[in-house]
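In my numbering, the protein residues as written are 1 to 200.
Where a beta carbon is used, it is the ideal one built from N, C-alpha and C, also for glycine.
Have a look at the structure below, then the notes.
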């Protein structure tokens, strides 16, 4: 949807308005175009309505008062953009959206930092898959005398110990893939749940 620009009598007013709107557009860039347009339209209508209430002030002075009340776009829009991005991420389950949403929300509490770390840990499983392909004997789920020893990589010298056994064998890679997918959906579901709790 095309947003109708406000017409001004003074050139200085037009320049200030254009600059402010450009900053808003830049601040909402991470969002989908429908959300971008909705926010830009809302700010535009606030400015327009404010200008209609002008009582014999200079146009530029009145515009500056309106923009001052609306606030600095980068600061005012940061929490809104972060929340909208989080909403998009938890709806789509898209990893790129989730990473962007968490990056935007990282300053909004320690819980978002914890979620960010949980998603990063999933890359550890990806690394284990790669390591298993490169070094199949040294990577796996190892038990020492039937008790858990390590999920990952062990030194080749430890393999000579008869008490140490790798239990998954050829099922290691499918198990890791299943773990990645299941963990990803569980973490994303918990993130969605946290967002709903925050909304209340």
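At what residue ranges does the segment 145-189 contain a whole run of the alpha helix (DSSP H), taking only runs of 4 or more? Along the segment 145-189, the alpha helix (DSSP H) does not occur as any fully enclosed run of 4 or more residues.
Rounded to whole angstroms, how far is the Cβ of residue 17 from the Cβ of residue 3, which I believe are closer than 8 Å? So it is not a contact: roughly 12 Å between Cβ atoms.
Short check: CB of residue 156 to CB of residue 132, under 9 Å? In this structure, the beta-carbon distance from residue 156 to residue 132 does not fall below 9 Å.
On the criterion of 16 or more Cβ atoms from any shown chain inside 10 Å, does residue 71 qualify as buried, or is it exposed? The residue in question, residue 71, is exposed, as its Cβ has fewer than 16 Cβ neighbours within 10 Å.
Secondary structure, alpha helix (DSSP H): runs of 4+ residues fully inside the segment 92-140: DSSP runs (the alpha helix (DSSP H)) wholly in the segment 92-140: 95-105 and 110-134.
Taking buried to mean at least 16 other C-beta atoms within 10 Å of its own C-beta, is residue 142 buried or exposed? Counting the other CB atoms within 10 Å of its CB gives residue 142 a total of 16 or more, which places it among the buried residues.
Expressed to the nearest angstrom, what Euclidean distance is found between the alpha-carbon atoms of residue 86 and residue 31? Within the model, the alpha-carbon separation for residue 86 versus residue 31 is close to 10 Å.
Tell me whether the segment 53-70 and the segment 111-120 touch, counting them as touching only if at least three CB pairs, one residue from each stretch, are closer than 8 Å. Under the three-pair Cβ rule at 8 Å, the segment 53-70 does not count as touching the segment 111-120.
Could you compute how far the alpha carbon of residue 77 sits from the alpha carbon of residue 27? Linking residue 77 to residue 27 through their CA atoms gives a straight-line distance of about 7 Å.
Neighbourhood of residue 187 by C-beta, 6 Å cutoff - its chain only, sequence neighbours within 5 removed: Cβ neighbours of residue 187 beyond the five flanking positions: 118.
Looking at residue 166: is its Cβ nearer than 9 Å to the Cβ of residue 124? Residue 124 sits away from residue 166, with the two beta carbons spaced by 9 Å or more.
On the three-state DSSP scale, how would you describe residue 143? It is a strand residue.
Buried/exposed call for residue 90, threshold 16 Cβ in 10 Å: When all chains shown are included, residue 90 counts as buried.
Provide the residue span of the alpha helix (DSSP H) that contains residue 8, from first to last. Note, residue 8: premise wrong, no alpha helix (DSSP H); not H, not E.
Cβ-Cβ distance between residue 47 and residue 20 below 9 Å: Yes, the Cβ-Cβ distance between residue 47 and residue 20 is below 9 Å.
If you compare alpha carbons, which of 36, 33 and 57 is closest to residue 13? Here the closest residue by C-alpha is 57.
Please name the residue in 25, 178 and 120 whose C-alpha comes closest to that of residue 74. The candidate whose alpha carbon is nearest that of residue 74 is 25.
Residue 41 to residue 110, Cα distance in whole Å? Distance between the alpha carbons of residue 41 and residue 110: 33 Å.
Grab me the residues of residue 105's own chain with a C-beta within less than 7 Å of its C-beta, minus the 5 sequence neighbours each way, in chain order. If we look at residue 105 and ignore the five residues flanking it on each side, its Cβ neighbours are 82, 86 and 112.
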